[in-house]
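Per full-length UniProt numbering, the very first residue in the sequence shown carries number 1; after that it's consecutive.
Here the structure comes first, spelled out in structure tokens, and everything after it is commentary.
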Amino acid sequence: MEGVAPAVSLFRPRASARFPVLLAADSGAARRSTGAGGRSSVRKHGGTEAPPRRPGITRLPKLGTAVSTKRSERGKDPLINLEVSHHRAVAAVRLLRIEKGKAFVDLLNEKANDSGDNEMGYVERTLGFRTRYLEDRDIRLVTVIVAGTVRWKRYLDYLIMSLCSEEKVFREMEPLLLQILRIGFFEILKLDVPAYAAVDENVRLAKVALRPGAGNMVNAILRKLVLLKETNSLPLPKIEGDERAQARALSIIYSHPVWMVRRWIRFHGKDEALRLMNWNNSDPRFSLRVNTSKGYTRADLVKRLESLQVHYEESIMDEFVRIREGMQAVIQAGLLKDGICAVQDESAGLVVSVVDPQPGETIIDCCAAPGGKTLFMASRLSGEGKIWALDVNKGRLRILMEAAKLHGLDVMITDIHADLRLYTKETTAKYDKVLLDAPCSGLGVLSKRADLRWNRQFEDLEELMCLQDELLDSASTLVKPGGILIYSTCSIDPEENEKRISAFVQRHPEFATQSVCEYVPKKFVTDEGFYSSNPTKHSMDGAFAARLVRSMHKILGVPQGQN
Numbered sequence: 001m002e003g004v005a006p007a008v009s010l011f012r013p014r015a016s017a018r019f020p021v022l023l024a025a026d027s028g029a030a031r032r033s034t035g036a037g038g039r040s041s042v043r044k045h046g047g048t049e050a051p052p053r054r055p056g057i058t059r060l061p062k063l064g065t066a067v068s069t070k071r072s073e074r075g076k077d078p079l080i081n082l083e084v085s086h087h088r089a090v091a092a093v094r095l096l097r098i099e100k101g102k103a104f105v106d107l108l109n110e111k112a113n114d115s116g117d118n119e120m121g122y123v124e125r126t127l128g129f130r131t132r133y134l135e136d137r138d139i140r141l142v143t144v145i146v147a148g149t150v151r152w153k154r155y156l157d158y159l160i161m162s163l164c165s166e167e168k169v170f171r172e173m174e175p176l177l178l179q180i181l182r183i184g185f186f187e188i189l190k191l192d193v194p195a196y197a198a199v200d201e202n203v204r205l206a207k208v209a210l211r212p213g214a215g216n217m218v219n220a221i222l223r224k225l226v227l228l229k230e231t232n233s234l235p236l237p238k239i240e241g242d243e244r245a246q247a248r249a250l251s252i253i254y255s256h257p258v259w260m261v262r263r264w265i266r267f268h269g270k271d272e273a274l275r276l277m278n279w280n281n282s283d284p285r286f287s288l289r290v291n292t293s294k295g296y297t298r299a300d301l302v303k304r305l306e307s308l309q310v311h312y313e314e315s316i317m318d319e320f321v322r323i324r325e326g327m328q329a330v331i332q333a334g335l336l337k338d339g340i341c342a343v344q345d346e347s348a349g350l351v352v353s354v355v356d357p358q359p360g361e362t363i364i365d366c367c368a369a370p371g372g373k374t375l376f377m378a379s380r381l382s383g384e385g386k387i388w389a390l391d392v393n394k395g396r397l398r399i400l401m402e403a404a405k406l407h408g409l410d411v412m413i414t415d416i417h418a419d420l421r422l423y424t425k426e427t428t429a430k431y432d433k434v435l436l437d438a439p440c441s442g443l444g445v446l447s448k449r450a451d452l453r454w455n456r457q458f459e460d461l462e463e464l465m466c467l468q469d470e471l472l473d474s475a476s477t478l479v480k481p482g483g484i485l486i487y488s489t490c491s492i493d494p495e496e497n498e499k500r501i502s503a504f505v506q507r508h509p510e511f512a513t514q515s516v517c518e519y520v521p522k523k524f525v526t527d528e529g530f531y532s533s534n535p536t537k538h539s540m541d542g543a544f545a546a547r548l549v550r551s552m553h554k555i556l557g558v559p560q561g562q563n
């Protein structure tokens with residue numbers, strides 16, 4: 001269908017075409033083939049520009065014969081099954097764990113080389129056998145299959161149910177069999193895996209992991225799908241009828257919740273809603289922020305990227321570089337581990353630009369973890385000033401402080417483990433600037449969070465907006481007279497953004513909005529003077545920020561500063 005995101009090219013022989021590991025320290029949710037909204041105007045480096053992607057498939061590693069599918073005795077080393085597709089077995093088990101709420105799509109490769117052993121352990125405990133060791137290429141395939149299958153789940157399930165003999169068969173299908181079918185459908189419809197390979201390998205996995213009859217069922221359904229695809233007759237719904245009916249059809253074709261589709265059409269119009277869904281279904285894009293606090297410059301980072309043959313583009317921000325291809329090489333070379341740079345989306349960096357940290361200032365980050373904005377603000381202080389990082393999650397706060405030490409910024413940051421709403425009732429401290437990067441729906445970062453669309457319900461928005469109002473009220477008490485309160489989200493929903501600011505100013509007349517036009521490029525400034533990044537317009541995550549100035553004469557006599 002016109003406008004639907006194209007199939008993803010999966011098998012590429014070049015080592016530099018590796019899919020990235022998700023290690024975002026601050027991606028709005030911790031956050032891409034080109035979105036339908038177009039590319040940013042950036043200079044492409046001749047020596048680092050990726051060649052055009054050409055169709056082509058490399059051969060899968062040849063599989064050995066079956067050794068065993070079960071342990072012979074408890075306590076002995078697990079026997080290895082070399083017959084089943086190892087990366088598909090891992091992907092199927094991973095999908096099971098995600099569905100049960102015991103795993104996250106984004107954390108699959110968090111430990112790089114160790115993740116192969118970790119995932120194979122789950123396969124053994126679930127299926128009763130191991131397959132051969134996962135190499136880097138296999139882990140990349142697992143990442144692509146898992147993220148893509150989760151992303152396209154509604155679309156895939158609609159087609160699977162359509163090709164079952166009756167709806168009851170789909171509704172009562174055992175979980176592992178459903179995951180295997182989802183993988184097969186995703187490979188056939190959205191990847192460049194040859195149809196015969198997708199059918200044969202998933203049939204084999206179903207027979208070994210379940211039983212021969214399950215393999216026969218997978219074989220029949222997948223072959224039916226191949227025929228329908230070849231004849232361009234997939235049983236997809238037509239976009240017709242009233243607004244509700246059209247939204248339901250679009251939610252299936254673009255694999256998004258119905259409430260989300262209806263909301264975007266309401267706020268952004270149908271065309272923009274389609275562009276947003278295409279963006280969310282495309283490969284995530286990443287950018288790196290150089291660690292200037294250790295003396296590194298963007299030129300230093302670019303030199304390292306060129307030596308690794310990583311394809312990049314310049315960013316609108318001096319400290320950032322956009323990665324076009326080769327994120328895996330960045331991770332394996334230790335650039336993140338050594339504190340040379342951090343993964344951070346430009347949209348998050350622009351929020352820090354709205355804060356505009358100045359040397360000597362006192363700043364509190366009220367919902368600081370995982371800490372990307374905290375670290376960037378600290379680096380902007382040039383060694384003069386202080387930042388307090390407050391968060392309710394002790395574990396995430398510990399990770400933030402470990403990252404601060406890695407980046408040489410721990411002496412400038414003090415952590416506070418507390419609920420902001422309770423903390424403000426106990427302290428009299430006031431700060432020059434207060435950043436509230438509030439909990440939100442994350443609707444601006446769905447391309448990086450493949451599972452988030454299914455974990456958000458319409459009812460969540462009302463709860464989130466109430467929480468945002470409470471946190472804004474609490475954060476406002478920390479701002480000294482003449483100080484600045486910055487409210488930000490990684491959402492594109494106006495009710496979480498502009499409407500929260502409007503309601504806050506009505507409750508707190510001592511605060512007035514201040515335009516961000518002096519702090520970010522004009523294309524990111526709304527008519528109301530707020531910062532807003534849009535995935536389809538700016539080729540980065542969606543984000544929002546507002547600056548609010550506290551009047552000098554409203555709260556005279558209140559204790560100021562913190563030592």
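Note that CB positions come from ideal geometry on N, CA and C, so glycine has one too.
Option nearest residue i by Cα separation, candidates the options
i	options	result
E99	L452, L234, E518 and K499	L452
L409	R223, E426, D419 and W388	W388
G529	P521, A147, C517 and S539	C517
L222	G241, A209, D200 and D242	D200
R398	M377, V445 and I413	I413
Q344	R322, A197 and K430	R322
E83	V208, R244 and E135	V208
K270	E496, Q246, E325 and E361	Q246
E135	S165, G184 and S85	S85
M217	G101, G444, E174 and F458	E174
H87	V142, V123 and K229	V142
V411	Y196, G385 and M260	G385
Y531	A404, G121, N497 and S539	N497
D460	A147, G128, Y254 and W259	W259
Distance CB(residue i)-CB(residue j) smaller than 8 Å
i	j	result
R130	N81	yes
T424	L478	yes
I188	V144	no
L163	A92	no
E441	R421	Contrary to the premise, residue 441 reads as Ser rather than Glu in this sequence. Going by C-beta atoms, S441 is not nearer than 8 Å to R421.
S282	S447	yes
Q514	L548	yes
R500	L472	yes
N291	A342	yes
A198	I180	no
R396	G349	no
D437	S488	yes
V105	V150	yes
As assigned by DSSP and simplified to three states, the class of residue i
i	result
R449	coil
Y158	helix
Q514	strand
F458	helix
I239	coil
R289	strand
H417	strand
V84	coil
I180	helix
P20	Residue placement at P20 is poorly supported in this model, since its pLDDT is 30, which falls under 50; the coordinates still yield a value, given next. Here P20 sits in coil by DSSP.
K405	helix
S27	Here the model assigns S27 a pLDDT of 39, short of 50, so the residue's position is not dependable, and the following value carries that caveat. Coil at S27, not helix or strand.
W259	helix
K480	strand
W152	coil
S424	According to the sequence as given, residue 424 is Thr; it is not Ser. Helix.
Cβ shell of residue i (< 7 Å), same chain only, five flanking positions each side left out
i	result
M161	E167 and F170
residue 579	Coverage of the chain is limited to positions 1 through 563, which leaves residue 579 absent and any answer about it impossible.
E49	In this prediction, E49 scores a pLDDT of 43, lower than 50, which makes its location untrustworthy; no coordinate-derived value is stated.
V261	A247, L250, S251 and A273
V146	A91, R94, L95, V105 and L108
6 Å Cβ shell around residue i - same chain, five flanking residues per side excluded
i	result
L435	V355, D365 and I486
G37	Residue placement at G37 is flagged as unreliable, the pLDDT there being 38, under the threshold of 50; the coordinate-derived value follows with that caveat. Contacts found: R275, T536 and K537.
V392	D419
S491	C440, S441, L443 and G444
Cut-off 8 Å between Cβ atoms - residues of its own chain near residue i, not counting five sequence neighbours on either side
i	result
I252	R154, Y155, Y158, L236 and P237
R550	S476, V479, K480, P481, G482, G483, I484, L485, E510 and F511
A503	D469
L96	T126, P175, L176 and Q179
F267	D493 and P494
*Return the chain-ordered ranges of every beta strand (DSSP E) run that is complete within the stretch 295-363 and spans a minimum of 3 residues.*
311-314, 320-325 and 341-343
_Those runs of the beta strand (DSSP E) which lie wholly inside the stretch 511-551 and span at least 3 residues_ = Runs of the beta strand (DSSP E) inside the stretch 511-551: 511-514, 531-533 and 543-550.
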